[in-house]
Amino acid sequence: MKFSFTQKDFIELNDNPEKLAVSGDDFDLSWDAFSERVNQLCHFLQEEQLTELEKPVIIYGHKSANMLVAVYAMIKLQIPYIPIDIVYPKERVVKIRSIAQSELILNTTETPLDIAVCTEIMLSQQETRLLQKFPVSYRKKLPDDPLIYLIFTSGSTGEPKGVQISTEAVQSFTRWMTSDFGFHSDDVFMNTAVLSFDLSVFEVMTFGALGASIILNNKNCYADPDLLMDRVQRYQGSVWVSTPSFALIYSRMKEEKRLQSLKTFLFCGEVLPHDLAKNLLNNYSHAKVINTYGPTEATVATTIIEIDQDIIDRYNPLPVGYSKPESHLVVEDEEIIIVGPNVSTGYLNAPELNQQKFTNIDGLRAFRTGDQGYLEDGLLFFNGRNDDLVKLHGYRIELNEISRAINDLDYVLHGETIALKRGGIVKKIVSLVKLSKNEEQKGLDLKQIKQDLSLTLPPYMIPSDILFVEEIPLNQNGKADKKQLLERYLRR
Ligand code: AMP
8 MKFSFTQKDF
18 IELNDNPEKL
28 AVSGDDFDLS
38 WDAFSERVNQ
48 LCHFLQEEQL
58 TELEKPVIIY
68 GHKSANMLVA
78 VYAMIKLQIP
88 YIPIDIVYPK
98 ERVVKIRSIA
108 QSELILNTTE
118 TPLDIAVCTE
128 IMLSQQETRL
138 LQKFPVSYRK
148 KLPDDPLIYL
158 IFTSGSTGEP
168 KGVQISTEAV
178 QSFTRWMTSD
188 FGFHSDDVFM
198 NTAVLSFDLS
208 VFEVMTFGAL
218 GASIILNNKN
228 CYADPDLLMD
238 RVQRYQGSVW
248 VSTPSFALIY
258 SRMKEEKRLQ
268 SLKTFLFCGE
278 VLPHDLAKNL
288 LNNYSHAKVI
298 NTYGPTEATV
308 ATTIIEIDQD
318 IIDRYNPLPV
328 GYSKPESHLV
338 VEDEEIIIVG
348 PNVSTGYLNA
358 PELNQQKFTN
368 IDGLRAFRTG
378 DQGYLEDGLL
388 FFNGRNDDLV
398 KLHGYRIELN
408 EISRAINDLD
418 YVLHGETIAL
428 KRGGIVKKIV
438 SLVKLSKNEE
448 QKGLDLKQIK
458 QDLSLTLPPY
468 MIPSDILFVE
478 EIPLNQNGKA
488 DKKQLLERYL
498 RR
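Whatever position you read off the sequence shown (first residue = 1), add 7 for the working numbering.
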């Protein structure tokens, strides 16, 4: 069985209904059972008159099979969805809900989110239960190119940004995935990223388009490599998808017997270290190592290259590859611009930002990535960024969003955030904070400020260090002087 992303024949039958479709944190589903659950959920929503919704639906949970059931039900009903992992604190969920004006939450956890004015449905293995119901708005007409999902990324203004990805973009992406990567229906995709990050879209869409299998791995796998390795062995995982940082945690990947079923290591999201690729090739000579590059705003990835021995010998740093066929790249003043149908239709309700970042080239949507790069031998190379968007352990973070959260604390007069880098790679995020007079005297403890931040920021955005200072140095433009801040921090 597999899913086609054209709505005409959404589910196509094949003769292997017993094959595993999804292994979640909660339970496993064969293709037969998965397809039945998707249909049951659609039916339930129909009975409750919750189809044809105008506003995006929030799908909330952590690595549950039901999250995928909800995703595919939304695709089937052509209702845009926003995947949100429990890694986000409730205040952030509330913020996202309010930006998107969502009116329905499909909650796959056991704890209700209980957000006022929002209809909430609890999905568990045993039942689908309506928790609360409020009026919803209905779409008048389906747009020509309906949205499939919105992913919220860190925003420099302090508000998360909703990247809108349309059907055309997903179709272009899945066409590429199912043709140029050598994947097929026997593949077993090992998912690592949470569903609120677009890295997960690799597996979430591709397993469905191919009729393959997806193994969702929960947060415990981050802390305990054995858990994930056991799952790779148990399910005979064939495709590993992660950020390079995540793979580095798995230092024991070296000649690890339990990983021998893997045929592809697929990376995206940050610089692929030369050493990591080299070690993988040495230790898993039967497996391919693939580097891909792209932002959420261009549906997961736009370039691809298989890193073989020849590429390892020729290039350090490694290239990020060639453009996917339906898209192309322009490098203008060293900035990488992505052009093609995989480019987002824009951020939700952000006309000014859209004007800056999105444009049209040769009648195609184009996105100014803010990434610096160059082309050599027809290959794209990534050369860092010159703004405040950083990647730490694979997570995309706007430093300003952290500063905004700090400045929102009532005992803070001024907070600024900087990234400490080594060899161009971010190692640590630190904030320098000037407290209000009263608080200075009371001697605020570091734990308290981190705890207060955790109410609005996900754990990976909490600065690892906070330095209390008497003054935040400013430059000639009256802005925080990041260079001096760094020196001040290093002198501490
Ligand atoms: P995200 O939207 O979380 O996927 O982050 C996108 C950003 O991650 C890009 O704009 C790049 O700065 C960075 N990035 C993605 N893929 C790569 C890669 N293969 N090598 C270097 N940086 C990458």
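From the three backbone atoms N, C-alpha and C, an ideal C-beta is built for every residue, glycine too.
Here Lys434 is exposed: its Cβ has fewer than 16 other Cβ atoms, across all protein chains shown, within 10 Å.
Counting along the chain, Leu481 sits inside no beta strand (DSSP E), nor does DSSP assign it H or E at all. In this chain, Glu166 is not harboured by any beta strand (DSSP E), its DSSP state being neither H nor E. Apart from the 5 residues on each side of it in sequence, His335 sits with its Cβ closer than 7 Å to the Cβ of Val346 and Gly347 in its chain, given in chain order.
The three-state reading of DSSP puts Lys83 in helix, counting H, G and I together. Under the criterion of beta carbons closer than 8 Å, Pro63 and Ser105 do not qualify as touching, at roughly 12 Å.
Counting of Cβ neighbours within 10 angstroms places Gly385 among the exposed residues, the total staying below 16. In the assembly as shown, Ala123 is an exposed residue. Its beta-carbon has fewer than 16 other beta-carbons within 10 Å. Between Gln178 and Leu157, the CB-CB gap reaches or exceeds 8 Å.
Ranked by Cα distance from Asp39, the first of Leu138, Gly377, Asn23 and Asn114 is Asn23. Cβ contact annotation for Phe34 (same chain, cutoff 7 Å, sequence separation greater than five): Ala72 and Gln132, in chain order. Beta-bridge annotation (DSSP): Trp247 is paired with Met197 and Phe272. With three or more CB-CB distances shorter than 8 Å, the region 85-98 counts as touching the region 135-154.
Within the region 73-120, the runs of beta strand (DSSP E) that reach at least 3 residues and sit entirely inside it are, in chain order, 88-92 and 111-114.
Counting only the Cα atoms, Lys285 lies some 32 Å from Gly218. Taking the Cα positions, Gly450 is about 28 Å away from Gly485. Proximity to His400 across Ser161, Gly276, Asp282 and Asp121 peaks at Gly276, based on C-alpha coordinates. Judged by beta-carbon spacing, Leu113 lies within the 8 Å limit of Ile66, meaning their Cβ atoms are closer than that value.
In the three-state reduction of the DSSP assignment, Tyr496 falls in the helix class. Assignment of Ser438 by DSSP, reduced to helix, strand and coil, places it in the strand class. The Cβ atoms of Thr463 and Pro96 lie closer than 8 Å to each other. The closest heavy atom of the ligand AMP lies less than 7 Å from the beta carbon of Gly276. Residue nearest to Thr185 within the set Leu492, Pro466, Asn390 and Pro332 is Pro332 (criterion: CA-CA distance). For Lys398, the shortest C-beta to heavy atom distance toward the ligand AMP is below 7 Å. For Pro302, the Cβ falls inside the 7 Å cut-off from some heavy atom of the ligand AMP. Taking 8 Å as the cut-off, the Cβ atoms of Val195 and Val248 do not count as close.
In chain order, Pro251 place their CB closer than 7 Å to the CB of Pro280, counting only its own chain and leaving out the 5 sequence neighbours on each side. Classified as exposed, Thr118 has fewer than 16 neighbouring CB atoms from the shown chains inside 10 Å of its CB. For Ile122, there is no enclosing alpha helix (DSSP H), as DSSP gives it neither H nor E. In the structure shown, Lys295 falls within a strand segment according to DSSP collapsed to helix, strand and coil. Proximity of the region 403-410 to the region 158-165 meets the contact definition, three or more beta-carbon pairs being nearer than 8 Å.
Annotation for Asn224: no alpha helix (DSSP H) segment contains it, and DSSP assigns it neither H nor E. At a cut-off of 7 Å, the beta-carbon of Val327 counts as near the ligand AMP: some heavy atom of the ligand is closer than that.
DSSP lists Leu386 as the bridge partner or partners of Glu383. Where Gly422 is concerned, the enclosing beta strand (DSSP E) starts and stops at Val419 to Arg429. Lys364 counts as buried, since at least 16 other C-beta atoms from the protein chains shown sit within 10 angstroms of its C-beta.
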